[in-house]
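Following full-length UniProt numbering, the numbering of the sequence shown begins with 1 at its first residue and continues without gaps. First up is the structure itself, then whatever we jot down about it.
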Amino acid sequence: MPVLENPTVRRRVLGANLRRLRDEQGRLLEDAAQELGCHPAKVSRIESGRSGIRQLDLRVLLDFYGVKDVRTREGWLALARESRRQRWWRELEDQLPQDFLDLIGLEDEVAGCRGFQPSIIPGLFQTEAYATAVIQGGSAGPPSEAQLTKVRVRLERQKAMTGRRPEPLHVWMVLGEAALRQQIGGRGVLREQLLHLVEMAQLPNVTLQVLPFSAGACKGGMLPFLLYSFPAPTELEVVLLESFTSHAYLEGPGDTAHYNGVFDHVRATALSALDSEALMVSLADELARS
Numbered sequence: 001m002p003v004l005e006n007p008t009v010r011r012r013v014l015g016a017n018l019r020r021l022r023d024e025q026g027r028l029l030e031d032a033a034q035e036l037g038c039h040p041a042k043v044s045r046i047e048s049g050r051s052g053i054r055q056l057d058l059r060v061l062l063d064f065y066g067v068k069d070v071r072t073r074e075g076w077l078a079l080a081r082e083s084r085r086q087r088w089w090r091e092l093e094d095q096l097p098q099d100f101l102d103l104i105g106l107e108d109e110v111a112g113c114r115g116f117q118p119s120i121i122p123g124l125f126q127t128e129a130y131a132t133a134v135i136q137g138g139s140a141g142p143p144s145e146a147q148l149t150k151v152r153v154r155l156e157r158q159k160a161m162t163g164r165r166p167e168p169l170h171v172w173m174v175l176g177e178a179a180l181r182q183q184i185g186g187r188g189v190l191r192e193q194l195l196h197l198v199e200m201a202q203l204p205n206v207t208l209q210v211l212p213f214s215a216g217a218c219k220g221g222m223l224p225f226l227l228y229s230f231p232a233p234t235e236l237e238v239v240l241l242e243s244f245t246s247h248a249y250l251e252g253p254g255d256t257a258h259y260n261g262v263f264d265h266v267r268a269t270a271l272s273a274l275d276s277e278a279l280m281v282s283l284a285d286e287l288a289r290s
């Protein structure tokens, strides 16, 4: 029996946007299939992200959906090419869960990331020592080979903010005050982590804010989420909800609108970027004196 490939996030984004274009033009699945000269099931697989799409087929659909602008068309074609490109993490496919591979692929493709993490420093900002402590989960002894691989991948992910071309990933993250105080790895590790946050906050593509304990309850509850946005020509955003065992991706307009509202409320309630930086420095100084 053939093994079904788990669709990549990029394919899902491409397919969802093609479905959006078809709906906007009032076309049926059967209409698109007739234009391509294929069975409707093929179009369904493309729109669900289960299959990629050839450049020739994409050009036919763009013509059919009335996409005429040259730059917009090239954006769509680039999106299709990227969905097939091999990535640096593919050599680790047998060592990492598919959910995690999808997450890495998502961060490598999107233009922006906004989110809220109430209780832990997000992986994109973790130092090596902090990441190691998180991945070990409080267990004693040196990290295993599998844990070291996860740390290495986590650090590699961070290059999206500093070394990616043509544009680095733009990140706007709100951290709960608890994330700055939980001594994961001990005082020294946390102090180094706080100073690293201050350093990362100086990047022009990074905004960090802190939601203080004094803010009280906030819209949506104290639940973490990430909201990713893709570059043109797509208009799609993807919400990522992480748990201990899996990742859930929400792509519906109602879901993304809800979490945009939650993020706007949280960032408006949080300390300013300057006040947040001052709090991080103050907490780091406290740890140095302890």
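For every residue, glycine included, the Cβ atom is placed at its ideal position computed from N, Cα and C.
Query raised in the report: Which of helix, strand or coil does DSSP assign to LEU18?
Result: Here the question's residue 18 lines up with position 18 in the sequence shown. Residue state, collapsed to three classes: helix.
Query raised in the report: Near ALA178, what residues of its chain come up, given a Cβ to Cβ distance below 8 Å and the 5 sequence neighbours on each side ignored?
Result: Taking the first residue of the sequence shown as position 1, residue 178 is located at position 178. Excluding sequence neighbours, ALA178 sits near PRO118, SER119, PHE213.
Query raised in the report: Identify the residues that DSSP records as bridge partners of GLU242: which are they?
Result: Reading the sequence shown from its first residue, position 242 is the one you call residue 242. Paired residue(s): HIS247.
Requested in this report: Locate the alpha helix (DSSP H) running through LEU36, then write down its first and last residues.
Outcome: Mapped onto the sequence shown, residue 36 falls at position 36. Where LEU36 is concerned, the enclosing alpha helix (DSSP H) stretches over 29-36.
Requested in this report: Would you mind reading off the limits of the alpha helix (DSSP H) that contains PHE213?
Outcome: Your numbering for residue 213 matches position 213 in the sequence shown. In the DSSP annotation of this structure, PHE213 is not part of any alpha helix (DSSP H), being labelled neither H nor E.
Query raised in the report: Taking buried to mean at least 16 other C-beta atoms within 10 Å of its own C-beta, is ALA248 buried or exposed?
Result: Walking along the sequence shown from the start, residue 248 turns up at place 248. Looking at its Cβ environment, which holds fewer than 16 other Cβ atoms inside 10 Å, ALA248 is exposed.
Query - Given LEU203 as reference, the closest of GLY220, ALA217, HIS170, PRO231 once Cα atoms are compared - result: To locate residue 203, count along the sequence shown from 1; it is residue 203. For the residues GLY220, ALA217, HIS170, PRO231, the minimum Cα distance to LEU203 belongs to HIS170.
Query - Span separating the alpha-carbon of VAL43 from that of PRO253 - result: Along the sequence shown, read from residue 1 onward, the residue named residue 43 stands at position 43. Along the sequence shown, read from residue 1 onward, the residue named residue 253 stands at position 253. Counting only the Cα atoms, PRO253 lies some 22 Å from VAL43.
**Report entry** Assigned exposure category for PHE191 - 16 Cβ within 10 Å defines buried
**Finding:** Along the sequence shown, one-based indexing puts residue 191 at 191. Per the sequence shown, the amino acid found at residue 191 is Arg instead of Phe. It is buried - the Cβ of ARG191 has at least 16 other Cβ atoms within 10 Å.
Query - Stretch pair the region 271-279 + the region 219-233: three plus CB contacts closer than 8 Å - result: Cβ pair count under 8 Å is below three, so no.
Query raised in the report: Are three or more beta carbon pairs between the region 150-166 and the region 259-270 nearer than 8 Å?
Result: By the criterion of at least three beta-carbon pairs nearer than 8 Å, the region 150-166 is not in contact with the region 259-270.
Requested in this report: Find the nearest neighbour of GLN126 within the set LEU195, GLY75, VAL13, judged by alpha-carbon distance.
Outcome: Against the sequence shown, residue 126 aligns to sequence position 126. Minimum Cα distance to GLN126 is reached at LEU195.
Query raised in the report: Under three-state DSSP, which class holds TYR65?
Result: As a first step, residue 65 is located in the sequence shown; it is residue number 65 there, counting from the start. Coil.
Requested in this report: Kindly indicate which residue of LYS159, GLY112, GLY185, GLY123 has the alpha-carbon position closest to the one of GLY141.
Outcome: Position 141 of the sequence shown, counted from the first residue, corresponds to residue 141. Closest in C-alpha terms to GLY141, from the list LYS159, GLY112, GLY185, GLY123, comes GLY185.
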